[in-house]
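Participant: What follows is a single structure, and I will ask about it in a moment.
6 protein chains.
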Amino acid sequence: MRYTELAFTGPATFFKAPYRPLTEPWQAEVGLLGLPYDFAVGYRPGARFAPNALREASGRYAPGPEGWFDLETETYRLQGVHLVDAGDVDPAQLEYHETFRRITEAARALRGRVKLPVFVGGDHSVTYPVLRAYDDLEELHIVQLDAHLDFSDSRNATRFSNSSPFRRAVEDVPGLKQITVVGLRGLRTNPEAYQAAKNRGHTLITARTVRENLHGVLERLPKGQRVYISFDADVLDPSILPGTSSPEVEGLSYTQAMAVVRQTVTQNQLVGFDLVELAPNLDPGGLSALVGARLLAEVLACWAG
Amino acid sequence: MRYTELAFTGPATFFKAPYRPLTEPWQAEVGLLGLPYDFAVGYRPGARFAPNALREASGRYAPGPEGWFDLETETYRLQGVHLVDAGDVDPAQLEYHETFRRITEAARALRGRVKLPVFVGGDHSVTYPVLRAYDDLEELHIVQLDAHLDFSDSRNATRFSNSSPFRRAVEDVPGLKQITVVGLRGLRTNPEAYQAAKNRGHTLITARTVRENLHGVLERLPKGQRVYISFDADVLDPSILPGTSSPEVEGLSYTQAMAVVRQTVTQNQLVGFDLVELAPNLDPGGLSALVGARLLAEVLACWAG
Amino acid sequence: MRYTELAFTGPATFFKAPYRPLTEPWQAEVGLLGLPYDFAVGYRPGARFAPNALREASGRYAPGPEGWFDLETETYRLQGVHLVDAGDVDPAQLEYHETFRRITEAARALRGRVKLPVFVGGDHSVTYPVLRAYDDLEELHIVQLDAHLDFSDSRNATRFSNSSPFRRAVEDVPGLKQITVVGLRGLRTNPEAYQAAKNRGHTLITARTVRENLHGVLERLPKGQRVYISFDADVLDPSILPGTSSPEVEGLSYTQAMAVVRQTVTQNQLVGFDLVELAPNLDPGGLSALVGARLLAEVLACWAG
Amino acid sequence: MRYTELAFTGPATFFKAPYRPLTEPWQAEVGLLGLPYDFAVGYRPGARFAPNALREASGRYAPGPEGWFDLETETYRLQGVHLVDAGDVDPAQLEYHETFRRITEAARALRGRVKLPVFVGGDHSVTYPVLRAYDDLEELHIVQLDAHLDFSDSRNATRFSNSSPFRRAVEDVPGLKQITVVGLRGLRTNPEAYQAAKNRGHTLITARTVRENLHGVLERLPKGQRVYISFDADVLDPSILPGTSSPEVEGLSYTQAMAVVRQTVTQNQLVGFDLVELAPNLDPGGLSALVGARLLAEVLACWAG
Amino acid sequence: MRYTELAFTGPATFFKAPYRPLTEPWQAEVGLLGLPYDFAVGYRPGARFAPNALREASGRYAPGPEGWFDLETETYRLQGVHLVDAGDVDPAQLEYHETFRRITEAARALRGRVKLPVFVGGDHSVTYPVLRAYDDLEELHIVQLDAHLDFSDSRNATRFSNSSPFRRAVEDVPGLKQITVVGLRGLRTNPEAYQAAKNRGHTLITARTVRENLHGVLERLPKGQRVYISFDADVLDPSILPGTSSPEVEGLSYTQAMAVVRQTVTQNQLVGFDLVELAPNLDPGGLSALVGARLLAEVLACWAG
Amino acid sequence: MRYTELAFTGPATFFKAPYRPLTEPWQAEVGLLGLPYDFAVGYRPGARFAPNALREASGRYAPGPEGWFDLETETYRLQGVHLVDAGDVDPAQLEYHETFRRITEAARALRGRVKLPVFVGGDHSVTYPVLRAYDDLEELHIVQLDAHLDFSDSRNATRFSNSSPFRRAVEDVPGLKQITVVGLRGLRTNPEAYQAAKNRGHTLITARTVRENLHGVLERLPKGQRVYISFDADVLDPSILPGTSSPEVEGLSYTQAMAVVRQTVTQNQLVGFDLVELAPNLDPGGLSALVGARLLAEVLACWAG
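For the record, the sequence lines run as chains A, B, C, D, E and F.
Going by the numbering used here, the first residue of the first sequence is number 1279, and it counts up by one from there.
Going by the numbering used here, the first residue of the second sequence is number 1279, and it counts up by one from there.
Going by the numbering used here, the first residue of the third sequence is number 1279, and it counts up by one from there.
Going by the numbering used here, the first residue of the fourth sequence is number 1279, and it counts up by one from there.
Going by the numbering used here, the first residue of the fifth sequence is number 1279, and it counts up by one from there.
Going by the numbering used here, the first residue of the sixth sequence is number 1279, and it counts up by one from there.
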């Protein structure tokens, strides 16, 4: 009695997967959790609307039981992988400590249910409470695709904005080892943050380096580790994803960004993934949400092998 | 672990009600069913996106167990009413006979589950297959709020467009008695449709009449009947709801339209309600979806008493 | 082989009328001429796009040979009236004297072809060269629906902006008698223009007066005269027509504005009509062009009787 | 060498007044201070962009030394009134206590410089720290034009959102006497807030009451008091001001709202005014900012007498 | 008396060519026919508006009698080529068999009038009835620029959607030989369609192959054949043409797509061209229509030699 | 008491520099002057809004006293450079001779105050009156980044449109030597203009040449000269800057355009820079203004060394 062929039928969940709140018991291979929080953005807000916008756009990529057929390899992708939409964490608005507490709690719960937890922001500040949920791991590596360092100790009188998630994380997550940042660019880098990242031995790779030597960049990615990938939408060139708070020209192409993600996933154990800083309201034509949904779909397919 | 205070957290369902597909067994007081079909629109499409847009906007009006507190009467509304989001009927795109078959089937199923079925279009053509699901009733009255008659035998080479739902319904639904249309206006009325409606004894009330004598209009509404209300978004003045295929100036105010709905609901037995022709893509500021969600909320509260 | 039922089929001409350039010989009852000139706007441009936008929107009101059936009077309107789209005058961009020369020349030509010439701007500056084409009339009255006087001698270093068309016209059109302005409002009136209009004996009627006593306003309109109506889109309340350079709150409702137009047309000989200052680009939902097309349609029907 | 006739020339300041930061010494009759803070909005953000949008739009109403000529009274308004743009308070983003401290400090400074301080939000939460700057007054009355009470003790885990400014203010501002709220409506009133306001003796006037008896409403306004007016943009009907986080149908017309403001200003001593909750990004046609600028202009003119 | 230098003067026809309906007798070198039909789109509608949007945008490329001067080759292009706008086929809305009958009939008529018929969609389903008008040819080759195969036997309960035009065409057009598809990509290929295309011996070239070896791709295009080119707007990267129902990242650059078109035109006999799936409403900045008009212009110039 | 960390606080001036009108005495290293004039655009207007839009967007790049830290070179840029916002020249609307007189006068004044005058248009016609302010130089070279020649003697009946600034400049500026144009493309070049530029010995470099051999292009730029750079926004590919009147596909990447600018600045003495033809209203997502502000920032940093 229900039919699922058209992309736009609802209610919209991630990839038309069943919605199962974390208050109920369930297990799955992949769980997607929305984090509609953008109160930590210092410029153009709107990422709070991303989880629902990505749910709607992802209807185009609902895999169905047979998965997708891949033209290039003539194989099926995502076949039989069990996905669940775990809903959203409700932010406590101004009270960021409480919001972050809720996020950490939900992320821990999600980790207990699925092999691959996927977090859909929200602004980049949410990565900090998400990473706190990984404090039981002895070793955790991060690959961050981002135009910006997001490693400031403080900005604009606060230590918890979307400029600081990784700075806070290295303080609170004992197993957090190497952070590899790919796609850096822009006129204004926080020098204190830059120095701190250098001092801690982070691998910092600019977008220019990606353009000039993608192969070399792929070589510098972690291998054989437990890796969490944090994908900031602004790592992509704004021509392909304009809907983000702080777009920066000279970004990565979709192909380049996916090469970094694919290489990372293939040669490591992926323990988590987030997509943040996508603001659908800043792209009235709707392309950004479609690109974001496509990206999530491809990450899942890549992870499922 | 989950919090539901903010309007925009997802996955979006109608009024944050649980989603229960019609393939599962359940009973509730109110069920809302999306009909994302706008292939019968002859002008500006987009009503296919209305069910999901209204789900998102209706997050503002999620009642919670205690309902809403009404400032004017100092009472609680919708307290304890059990709502279900029954999902969408998936249209068969070009094959309208098949789409209409699916809609009738789903509408029948919904009627069997709930006291008040609410249908969220989609263009106005969907009202015809919905009404077919009421063919067991001995008597059914319709109150249609609409700028247009929608009673054409044929338009533009088809008999099933959004100009003809009530013409088809009177042919196929034996118990269908009086149709009362409120809000008519515009330069171009189909004279054949007008004559046919007059011949069948329909009550035709123009928007001008509503403006000049709302009280008299309320007097002419059915009383003590089983009534189905079909609410075409274009009955409202486009200043308050611009997101519709064929806006017509000099429309009803929200207050006037709600007066007609309220009076109808109060003095009859409401057996169904639809909201159609809302095209969210034609209102980039988002007001239309918010007004539509508010309207649905108020209808529910009015019905629940 | 060609079908004309759907509103959006092209090429778009005014009301799907045949396009006949003024370089060819023809006669008709009504001719519509586009004046896509907005270089005289001092604030938000875009009226240059109005003629084509109104052509597209007017497809909804293509009368066909039988005209439209009017629900309220149960009669047909515009039946058999012969309309022609006379194309656009190509502006000479910066060289306004040349543009105005072309407009006057085209307006004279159009007057020689049709009973009712209709001019579709463009900004309000075009009314001046249009009125120059009426310099053969011994007596000409003007009814101007407008939020602003547009009677400035000079503004911002120029005497030919959209603030001055009527000031220039009274200098150059010898038969121009009374000017009746309806709908005035706004914080900033040019005192010199106001005094000059008072001195010349113009009838100045504010929007507040229309709201408070529409009947009295209708009494003050000219009777038994040759009248040219100049309709500035900003006379309407911006809630119903937001697409205009300089919207002013507290405007006329569509009903009020049409009452003024209808009364004027009924009790006088209409020798010309213009619709100006509609900027479709300032209304992304498209309502303004639809309202403008509806207004033109109703003026034609009203004139045809 | 500089010319100021066109509305859109920059840099944009409020009414093209000189920008004088509060760090410098100066005195004026009116000072306008921007409060670009919307981190306390629980729904659709964007009010952070209002101060600059209103600066741009207010270029249309730059009075010049001679003021504006008023058509209706044939007098000049705002003639010779000395205005200053005092700039913006820079918010501390997430750290609302610090933001509020800065706002209170700036509001105190502004009060020391001008006869009429005008505050341009920002969301409604900013009214709380502004009112703290009036804690030296023995008696202060408030007239709040608003669709919502904004008197919640707590909402969504925080006590400082845009739902609570007046609740916090009555706790911290000892001289704060009567609060008169005009324009209340909407389905969801916080019952605890409603009861608390009733208990404290607030005057609560619904939008329906305004529609039904404006004269009676004007009678209930304070007289002969020191009054602060807080104007929430959502008191207006969304047809005229759609750019606001939480629009509510059945709002006040511009004329009704200005009648309330004018009466309040005329019969009291106005000690402050704020305009909040205008989100220009939610109105792509730009009307909302123009209406907001017009409103500010009219308040100034009304105050100046 | 009429001037044609500015791009935006109307009425808009393709390249400001004369409009000559197919009901009248005429001959020309090139005829452009609009097919404003998008009822077969399963995702985001709007291509019905493309013919008129492309007429407006193509005003920028009106060649005039002398054609355009080409900077690179220092020669004139399109000099003296006689173009005609043949108008639109009016769709029968829901009744696709009737719509397709009209399209085939009109396409046959156009082929009888011109050397190069150009079809402007509409969604991709229209290519099927267009190709039926070529059933007299003994041999017909197709070059399809497209992100998707569009060779499904059935999708979503219909065999006539925009996913199936070429599947239907190979059934009904006896002379249809090789189909070469360039630009394929995306996650979800219909495996049945893929296998059927392989079995029939189609040449399938991915976008990745174009990026990696454009020269090799050009080698694989047909030579010395009668060729029909079907250009789906989504073959282009969405950064350059975002206004399309189903954008896919990693698309062809304009330069790459034109290289394929140019090579095809140069070494074959072009018997028809269509541009489909451009949805102007999905690109509020208007770039997509401008790119589409430019593309059509370049195809004409390329064909004219 | 005032804080300047957030990008969107106002009043918006270029890079949050102090506003100092040219009527006051001051000296600085860099002065930015707005020229909000777009009455010479023959297609899509809106560049009149660019100066204020760029002021708002440039808040993201406010350097502060310490300048920006550059990640790639690990140095500080723009450290201690004294910037001033010199305001806008108020255009005389239709009276272009007067507007141009004002622009020349202001440009002369600015040259007397600063080392590097930066002009922010406005359409490209403004470059002519700006260049007149350099008529005291014995030798002046121009590097023009542009999709179009802008060297027409006349277009559409005027000699002063945005197609002619350099033609007029070579007539009136005696020291004007070589003009190097980079980025040419598009279907329609004015042959008379092309021949005139060739005859005068201009260096004309197409966008294709830049793509094929950027190094060779950099070799052809002037060396050791006094150079004025005129940057037309349409030189960039519209995927990265869609907000411009006449976008042309196959444009320069940001990286390519900056390479040309950087090389020019490095090996010459930069005496002036303009950015023109950016129309923010044509890019509702706001990317174009952000890219324009970034470009200006980078030019300043590059010039400061």
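Ideal Cβ placement from N, Cα and C applies to all residues, glycine included.
Owing to the predicted nature of the structure, the values given are computational and were not obtained by experimental measurement.
Is it true that the CB of E:ASP1431 sits closer than 8 Å to the CB of E:GLU1376?
Facilitator: To locate residue 1376 of chain E, count along the fifth sequence from 1; it is residue 98. To locate residue 1431 of chain E, count along the fifth sequence from 1; it is residue 153. No. Outside cutoff.
Participant: For E:TYR1406, which three-state DSSP category applies?
Facilitator: Taking the fifth sequence and counting its residues from 1, one reaches residue 1406 of chain E at position 128. Residue state, collapsed to three classes: helix.
Participant: Specify whether the segment 1290-1299 of chain D and the segment 1322-1334 of chain D touch according to this definition: at least 3 beta carbon pairs, one from each stretch, less than 8 Å apart.
Facilitator: Flag = yes, the segment 1290-1299 of chain D and the segment 1322-1334 of chain D touch.
Participant: Output needed for E:ARG1446: all residues of its chain with C-beta closer than 6 Å, excluding positions within five of it in sequence on either side, in chain order.
Facilitator: Indexing the fifth sequence from 1 puts residue 1446 of chain E at position 168. Excluding residues within five positions, the ones whose Cβ falls inside 6 Å are TYR1406.
Participant: When Cβ atoms are compared, which residues of the segment 1426-1456 of chain E fall closer than 7 Å to chain B?
Facilitator: Residues passing the 7 Å Cβ filter: ASN1434, ALA1435, THR1436, PHE1438, SER1439.
Participant: In chain order, which beta strand (DSSP E) runs of at least 3 residues are fully inside the segment 1519-1581 of chain A?
Facilitator: Qualifying beta strand (DSSP E) stretches, in chain order: 1547-1554.
Participant: Give me the DSSP bridge partner(s) of D:GLN1422.
Facilitator: Taking the first residue of the fourth sequence as 1, we reach residue 1422 of chain D at position 144. In the DSSP output, where bridge partners are listed per residue, D:GLN1422 has D:VAL1459, D:SER1508.
Participant: C:TYR1630 CB to nearest chain E CB: under 8 Å?
Facilitator: Residue 1630 of chain C falls outside the range modelled here, since chain C spans only 1279 to 1583, and no answer is possible.
Participant: Is it right to say A:GLY1494 is buried, meaning 16 or more other beta carbons lie within 10 angstroms of its own, or is it exposed?
Facilitator: Counted from its first residue, the first sequence places residue 1494 of chain A at position 216. The residue in question, A:GLY1494, is exposed, as its Cβ has fewer than 16 Cβ neighbours within 10 Å.
Participant: Count the other CB atoms, across all protein chains shown, that sit within 10 Å of the CB of C:MET1279; report buried if there are 16 or more and exposed otherwise.
Facilitator: As a first step, residue 1279 of chain C must be located in the third sequence, where it is residue number 1. For C:MET1279, the pLDDT reaches just 35, beneath the cut-off of 50, and the residue's location in the model is therefore unreliable, leaving the point undetermined.
Participant: Against chain F, with Cβ distances strictly below 8 Å, would D:PHE1317 count as a contact?
Facilitator: Translated into the one-based positions of the fourth sequence, residue 1317 of chain D becomes position 39. It does not; no Cβ of chain F falls within 8 Å.
Participant: Count the other CB atoms, across all protein chains shown, that sit within 10 Å of the CB of F:VAL1569; report buried if there are 16 or more and exposed otherwise.
Facilitator: The count along the sixth sequence starts at 1 and reaches residue 1569 of chain F at position 291. Buried, since its Cβ has 16 or more Cβ neighbours within 10 Å.
Participant: Taking all protein chains shown into account, do 16 or more other C-beta atoms lie within 10 angstroms of the C-beta of A:ASN1491, making it buried, or fewer, making it exposed?
Facilitator: Within the first sequence, the letter at position 213 stands for residue 1491 of chain A. Under this definition A:ASN1491 is an exposed residue.
Participant: Within the 8 Å Cβ cut-off, does E:LEU1465 reach chain A?
Facilitator: For the purposes of this step, residue 1465 of chain E is taken as residue 187 along the fifth sequence, with counting starting at 1. Closer than 8 Å: yes.
Participant: Measuring only between beta-carbons, confirm whether B:ALA1411 sits less than 8 Å from chain G.
Facilitator: Among the chains of the structure shown, chain G does not appear; the protein chains present are A, B, C, D, E and F.
Participant: Taking Cβ-Cβ distances shorter than 7 Å, what residues in chain E pair up with B:TYR1374?
Facilitator: Against the second sequence, residue 1374 of chain B aligns to sequence position 96. Chain E residues near B:TYR1374: LEU1372.
Participant: Using 8 Å as the threshold, is the C-beta distance between A:ARG1410 and A:VAL1451 below it?
Facilitator: Here residue 1410 of chain A corresponds to residue number 132 of the first sequence, with the count starting at 1. Here residue 1451 of chain A corresponds to residue number 173 of the first sequence, with the count starting at 1. Yes.
Participant: Which residues, in chain order, does the segment 1312-1336 of chain B contribute to contact with chain E at a C-beta distance below 8 Å?
Facilitator: Residues passing the 8 Å Cβ filter: ASP1316, PHE1317, ALA1318, GLY1320, PRO1323, GLY1324, ARG1326.
Participant: Any chance the segment 1547-1554 of chain D sits against the segment 1381-1397 of chain D, with 3 or more Cβ pairs inside 8 Å?
Facilitator: Touching, per the Cβ criterion.
Participant: In terms of residue numbering, what span does the alpha helix (DSSP H) encompassing B:VAL1495 cover?
Facilitator: As a first step, residue 1495 of chain B must be located in the second sequence, where it is residue number 217. Looking at the DSSP string, the run of the alpha helix (DSSP H) that includes B:VAL1495 is 1492-1497.
Participant: According to the Cβ coordinates, are B:PRO1525 and B:ASP1561 closer than 8 Å?
Facilitator: On the second sequence, position 247 is the one that residue 1525 of chain B refers to. On the second sequence, position 283 is the one that residue 1561 of chain B refers to. Not closer than 8 Å, so no.
Participant: Take C:ARG1338 as the anchor and find which of C:ALA1285, C:THR1351, C:PRO1500 has the nearest alpha-carbon.
Facilitator: What you label residue 1338 of chain C is simply residue 60 of the third sequence in a count that begins at 1. The residue with the shortest Cα to Cα distance from C:ARG1338 is C:ALA1285.
Participant: Residues in the same chain with beta-carbon distance under 6 Å from F:LYS1393, minus the five sequence neighbours each way, listed in chain order, please.
Facilitator: Position 115 of the sixth sequence, counted from the first residue, corresponds to residue 1393 of chain F. GLU1307, listed in sequence order.
Participant: Residues of chain A with CB under 8 Å from F:GLY1564, in chain order?
Facilitator: Within the sixth sequence, numbered from 1, the residue matching residue 1564 of chain F stands at position 286. The contacting residues are ARG1322, LEU1560.
Participant: State yes or no: is the beta carbon of B:GLU1490 nearer than 8 Å to at least one beta carbon in chain C?
Facilitator: Here residue 1490 of chain B refers to the residue found at position 212 when the second sequence is read from its first residue. Taking Cβ atoms only, chain C never reaches closer than 8 Å to B:GLU1490, which makes this a no.
Participant: What residues in the segment 1389-1404 of chain E have a beta carbon less than 8 Å from any beta carbon of chain C?
Facilitator: Under the 8 Å Cβ criterion, the segment 1389-1404 of chain E contributes no residue.
Participant: May I ask you to report which of helix, strand or coil DSSP gives B:LYS1501?
Facilitator: Along the second sequence, read from residue 1 onward, the residue named residue 1501 of chain B stands at position 223. Here B:LYS1501 sits in coil by DSSP.
Participant: Looking at chain A, is there any beta carbon in it that lies within less than 8 Å of the beta carbon of B:GLU1283?
Facilitator: Along the second sequence, one-based indexing puts residue 1283 of chain B at 5. Cβ-Cβ to chain A under 8 Å: yes for B:GLU1283.
Participant: If you run the structure through DSSP and keep just helix, strand and coil, what is D:THR1351?
Facilitator: On the fourth sequence, position 73 is the one that residue 1351 of chain D refers to. In this structure, D:THR1351 counts as coil in the three-state DSSP scheme.
Participant: Using 8 Å as the cut-off, can you tell me whether the segment 1510-1520 of chain B makes contact with the segment 1362-1369 of chain B, which would need three or more C-beta pairs spanning the two stretches below that distance?
Facilitator: No: fewer than three Cβ pairs fall under 8 Å.
Participant: If we call anything under 8 Å between Cβ atoms a contact, is B:VAL1359 one with B:ALA1582?
Facilitator: For the purposes of this step, residue 1359 of chain B is taken as the residue at position 81 of the second sequence. For the purposes of this step, residue 1582 of chain B is taken as the residue at position 304 of the second sequence. Yes.
Participant: Quick one: what's E:PRO1395 bridged to in DSSP?
Facilitator: As a position in the fifth sequence, residue 1395 of chain E is number 117, starting the count at 1. Paired residues: E:GLY1309.
Participant: Three or more beta-carbon pairs under 8 Å between the segment 1417-1436 of chain A and the segment 1492-1512 of chain A, yes or no?
Facilitator: The answer is yes - the segment 1492-1512 of chain A touches the segment 1417-1436 of chain A, with three or more Cβ pairs under 8 Å.
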